[in-house]
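*Asks:* According to the numbering used here, the sequence shown is numbered sequentially starting from 604. Beta carbons: idealized from backbone N, C-alpha and C, even for Gly. These numbers come from a predicted model, not from an experiment. One structure, pasted below without further comment.
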Amino acid sequence: MIFKTAFHALTTAFKGLSLTVKHLFGARKARQELDITKDNYFDKQDGIATVQYPRVKMPIPEVARYQLEVEIDDCIVCDLCAKACPVDCIAIEAIKSPEAIGKTSDGSVKRLYPAQFDIDMAKCMYCGLCTVVCPTECITMTNQYDRSSTKLTDLIYGFSDMTDDQVAQRKSEWTKFQAEKEAAKSK
Ligand code: SF4
Ligand code: SF4
């Protein structure tokens, strides 16, 4: 009985060690950087199953949805993206202007200032709906996927380019404009 148990222990240890040695030598090769659009992407490969990230990166599909970017100069602050977002991760505060303040690169007239334009990428589910509804196509999904952080607040990206002083000034301009309008009406 004792010989049978010893024999079983030896064969089991041998099998385990063979597997370890096989993987040890296999690790000399690494997965190739394959394009997911190619037919051989799911073919079995020799060696370790992952690439040596971040030194090596797998090519990503052209239509991949990753980090959002906003070209704020082209934003008309219409809030459509925020309304379309299913998880409410876009926070926009607009300040009205008494007159047109410029044009976007596609010729749309800008009448609102972006006092706040924050996107919380920790909540974003990368559905892309915000990019679909944007009338000026200024909110886009980029190919940036490696902005991980251990601090959740690092994932809130602010795109407004206004300072606190500018926000205060634009708000007071609008308040003054409204007051003057009301005063003119009551005359
Ligand atoms: S991609 Fe989807 S979840 Fe993310 S901000 Fe846009 S609408 Fe919201
Ligand atoms: S939908 Fe486009 S233009 Fe409108 S607020 Fe969002 S990013 Fe700006």
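1. What residue range does the alpha helix (DSSP H) around Leu715 cover?
2. Can you say whether Ile639 is buried or exposed, counting buried as having 16 or more other CB atoms within 10 angstroms of its CB?
3. Tell me which residues share the same chain as Cys692 and place their Cβ nearer than 7 Å to its Cβ, disregarding the 5 neighbours each side in the sequence.
4. Do the segment 693-700 and the segment 647-659 make contact, defined as three or more Cβ pairs closer than 8 Å?
5. Starting from Leu671, trace the beta strand (DSSP E) in both directions and tell me its first and last residue.
6. Provide the residue(s) that pair with Thr743 in DSSP beta bridges, ordered along the chain.
7. Out of Tyr760, Lys713, Pro701 and Asp649, state which residue places its alpha-carbon closest to the alpha-carbon of Ala630.
8. Would Ser763 be called buried (16 or more neighbouring beta carbons within 10 Å of its own) or exposed?
9. At the level of alpha carbons, what is the spacing between Pro717 and Gly710?
*Replies:* Once the coordinates are examined:
1. Where Leu715 is concerned, there is no enclosing alpha helix (DSSP H), although the beta strand (DSSP E) it sits in stretches over Leu715 to Asp723.
2. exposed
3. Ile722, Asp723, Lys726 and Cys727
4. no
5. Leu671 to Val673
6. Glu672
7. Asp649
8. buried
9. 18 Å
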